[in-house]
Amino acid sequence: QSENGGVIGMLEVVMSDFNRLKTETEANEAAAAKEYADFMASSEATKKEKHDSEFKLSLDKDETEFKKSQAEKDLKNTQEELAQANNYYNELMPSCVQVHVSFEERVKGRNEEIAALHEAWTTLDHKSQE
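Below is the structure:
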């Protein structure tokens, strides 16, 4: 009888240990499953944030490249306009800016022109009075 009690007692201890181990394992498994679910949710949120950030950066890059190309076109056009303006200036400079005759000669020419205009006016004025 004492051997039976010893075996049954031993089986009861084994059964108790097994139930305790089963409960601990189930609790650990539930905690690990929750930790996994939390990690996956966090990872999915991080993945979405990074995707959105990448998309925004891609749009910013495209916009910047477009603005750069527009600025380069504007610069090219402005440089062409400047070259044309400089060419036109160089064409006009000899006749407008550079002085080919002295001041005295210009005054004399102007006075002669004024005298000729005055004479023409006088002639026309006399003819209109007749």
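Just so we're aligned, residue 150 is where the sequence shown starts under this note's numbering, counting upward by one. Idealized CB from N, CA, C, for every residue including glycine. Please read all numbers here as calculations on a predicted model, not as lab measurements.
Annotation: E230 to E221 spans about 14 Å, alpha carbon to alpha carbon. In this model, Q233 and Q219 are separated by some 21 Å (Cα to Cα).
Under the three-state reduction of DSSP output, V256 falls in the helix class.
The three-state secondary structure of S251, taken from DSSP, is coil.
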